[in-house]
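Quick note: the sequence shown uses the working numbering, first residue 44, plus one each step. The next block holds one structure in the form of structure tokens; read it before the comments.
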Amino acid sequence: MDTARDYARAAASDNTRRAYAKDWAHFARWCRMKGAEPLPPSPEMIGLYLADLASGAGPSPALSVSTIDRRLSGLTWNYAQRGFALDRKNRHIATVLAGIKRKHARPPVQKEAILAEDILAMVATLPYDLRGLRDRAILLLGYAGGLRRSEIVSLDVHKDDTPDSGGWIEIFDNGALLTLNAKTGWREVEIGHGSKDQTCPVHALEQWLHFAKIEFGPVFVGISRDGKRALETRLNDKHVARLIKRTVLDAGIRSELPEKDRLALFSGHSLRAGLASSAEVDERYVQKQLGHASAEMTRRYQRHRDRFRVNLTKAAGL
Numbered sequence: 044m045d046t047a048r049d050y051a052r053a054a055a056s057d058n059t060r061r062a063y064a065k066d067w068a069h070f071a072r073w074c075r076m077k078g079a080e081p082l083p084p085s086p087e088m089i090g091l092y093l094a095d096l097a098s099g100a101g102p103s104p105a106l107s108v109s110t111i112d113r114r115l116s117g118l119t120w121n122y123a124q125r126g127f128a129l130d131r132k133n134r135h136i137a138t139v140l141a142g143i144k145r146k147h148a149r150p151p152v153q154k155e156a157i158l159a160e161d162i163l164a165m166v167a168t169l170p171y172d173l174r175g176l177r178d179r180a181i182l183l184l185g186y187a188g189g190l191r192r193s194e195i196v197s198l199d200v201h202k203d204d205t206p207d208s209g210g211w212i213e214i215f216d217n218g219a220l221l222t223l224n225a226k227t228g229w230r231e232v233e234i235g236h237g238s239k240d241q242t243c244p245v246h247a248l249e250q251w252l253h254f255a256k257i258e259f260g261p262v263f264v265g266i267s268r269d270g271k272r273a274l275e276t277r278l279n280d281k282h283v284a285r286l287i288k289r290t291v292l293d294a295g296i297r298s299e300l301p302e303k304d305r306l307a308l309f310s311g312h313s314l315r316a317g318l319a320s321s322a323e324v325d326e327r328y329v330q331k332q333l334g335h336a337s338a339e340m341t342r343r344y345q346r347h348r349d350r351f352r353v354n355l356t357k358a359a360g361l
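Structure representation (structure tokens):
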């Protein structure tokens, strides 16, 4: 039973389970305020709940369509864990959700891409102490691999080093190979050597592992308070987001904007968008590196791309 329970927990990531737990707590609180019970599931009640989320009824502000859709997914998951089936296609739910999307849907707000000149400026702000070596490897590896922040911190030195491993690294003469248990399943990411050591992600990774004396376990770990020793504790993926925001400010990127707006523009996904936007190669290679199932998804990550490079108007004879 314990083994089966562990496998069931592994079906969703820790971040997803935490988000779904918050969704359930919010819905249960809303039900108490309405004098209703969250169990068993009532499609009519959930339709009213979605309407309140969209309209901003009460003290909470109106939520975006994507957040409402995520809340509904959270409720569906929570009901399933409690042995109930929630039919999202029920007319009381589907009709309300369709109306919300029709009235409130907006194009997705995309994070700013970190381009090649940006990542070079960000890396240049880091010192060459132990903490700087680690953070330099994180930024360069995440950028060159188009990695999610969770993928970066989940890497181990070798296969099966730790139970919570999300992948491992292999370093060859021509570059590094990352084997990742990613959001969409297992995939391999090849990272070649850069044009010079100062900006080479493979060199930065080797430098970090050498000076931190890491030969086993998580690749990216915390640093002791005196900054002289690598700890055994794996970094949280929030460190990557904070690192990106801090170095964006230090490098003066988008300095024409207020600091608050600059911080809001960039996130962990800015590394993936940066690779997709900066790599001047066939789109298929970018799609493979990012682990996307479709070219359309890869194009969503591309900022400032030449949208009219393929001119179907001329190709059609006009």
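Don't be surprised by glycine CBs; every beta carbon is placed ideally from N, CA and C. All figures in this text were calculated on a predicted structure; none of them were measured in a lab.
For residue i and residue j, what's the separation of their Cα atoms in angstroms?
| i | j | result |
| --- | --- | --- |
| Ala294 | Gly260 | 32 Å |
| Leu173 | Ala273 | 8 Å |
| Glu231 | Asn217 | 15 Å |
| Arg285 | Ile181 | 12 Å |
| Lys254 | Ile157 | Contrary to the premise, residue 254 reads as Phe rather than Lys in this sequence. Approximately 28 Å, taken between the alpha carbons. |
| Glu258 | Tyr63 | 36 Å |
| Ile214 | Lys226 | 23 Å |
| Glu194 | Thr110 | 23 Å |
| Val291 | Leu306 | 8 Å |
| Asn279 | Arg61 | 15 Å |
| Lys256 | Arg149 | 49 Å |
| Asp57 | Ala359 | 50 Å |
| Gly117 | Arg125 | 13 Å |
| Ile296 | Lys271 | 30 Å |
| Gln250 | Pro206 | 26 Å |
| Trp73 | Arg52 | 26 Å |
| Asp304 | Lys288 | 11 Å |
| Tyr50 | Ala68 | 24 Å |
| Leu190 | Asp240 | 21 Å |
| Ala47 | Met76 | 36 Å |
| Thr59 | Tyr92 | 21 Å |
| Leu300 | Met44 | 55 Å |
| Ser238 | Arg268 | 34 Å |
| Ala141 | Ala247 | 49 Å |
| Gly188 | Leu220 | 10 Å |
| Lys281 | Leu361 | 51 Å |
| Asn121 | Asp112 | 14 Å |
| Thr356 | Ala319 | 26 Å |
I'd like to confirm the pairing. Which residues does DSSP put opposite residue i in its beta bridges?
| i | result |
| --- | --- |
| Asn224 | Trp229 |
| Pro261 | Asp199 |
| Glu302 | DSSP, once it has assigned bridges, lists no residue as partnering Glu302. |
| Glu194 | Answer is none; Glu194 lacks a bridge partner. |
| Phe215 | Gly218 |
| Ala273 | Ile266 |
| Glu209 | Checking the sequence, you will find Gly at residue 209 rather than Glu. DSSP output for Gly209 lists no bridge partner at all. |
| Ile234 | Ala219 |
Below 7 Å CB to CB, which residues in the same chain sit around residue i once its five sequence neighbours on both sides are set aside?
| i | result |
| --- | --- |
| Ala71 | Pro81 |
| Lys154 | Leu308, Phe309, Ser310, His312, Ser313 and Ala316 |
| Gly99 | Ala105 |
| Gly175 | Leu169 |
| Ser103 | none |
Measure how close the beta-carbons of residue i and residue j come, nearest whole angstrom, since I'm counting them as under 8 Å.
| i | j | result |
| --- | --- | --- |
| Lys144 | Val108 | 5 Å |
| Leu184 | Ile234 | 7 Å |
| His147 | Ala94 | The Cβ separation is near 11 Å, so there is no contact. |
| Val283 | Arg192 | 4 Å |
| Ala90 | Val139 | The sequence shown places Gly at residue 90, not Ala. With a Cβ gap of about 4 Å, Gly90 and Val139 count as contacting. |
| Ile136 | Pro170 | Contact doesn't hold; Cβ gap of about 54 Å is too wide. |
| Arg177 | Phe263 | 6 Å |
Short of 6 Å in beta carbon distance, which residues of its chain neighbour residue i, apart from the five on each side in sequence? Order them along the chain.
| i | result |
| --- | --- |
| Ile162 | Tyr186 |
| His236 | Gly218, Cys243 and Val245 |
| Arg114 | Asp66 |
| Trp404 | This structure cannot settle anything about residue 404, because the visible part of the chain is limited to 44 through 361. |
| Met88 | Ala79 |
| Gly265 | Leu274 and Thr276 |
| Ala54 | none |
| Ala164 | Ala294 |
| Leu252 | none |
Residues in its own chain within less than 8 Å of residue i by CB, not counting five upstream and five downstream?
| i | result |
| --- | --- |
| Phe127 | Leu82, Pro83 and Pro84 |
| Thr119 | Leu129 and Arg131 |
| Leu204 | One point to set straight first is that residue 204 is Asp, not Leu, in the sequence displayed. Same-chain partners within the cutoff: Trp211, Phe259, Gly260 and Pro261. |
| Trp229 | Thr222 and Leu223 |
| Ala123 | Leu129 |
| Glu302 | Leu292 |
For chain B, check one thing: does any of its Cβ atoms lie closer than 8 Å to the Cβ of residue i?
| i | result |
| --- | --- |
| Ala55 | Going by chain labels, chain B is absent from the structure shown, which holds only one protein chain. |
Subject >> Whole runs of the alpha helix (DSSP H) within the stretch 112 to 181, excluding any shorter than 4 residues >> reply: The qualifying runs are 134 to 147 and 159 to 167.
**OP:** Note down, one range per segment and in chain order, each alpha helix (DSSP H) of at least 4 residues found wholly within the stretch 52 to 97.
**Re:** Those alpha helix (DSSP H) runs which fall completely within the stretch 52 to 97 and span 4+ residues are 57 to 76.
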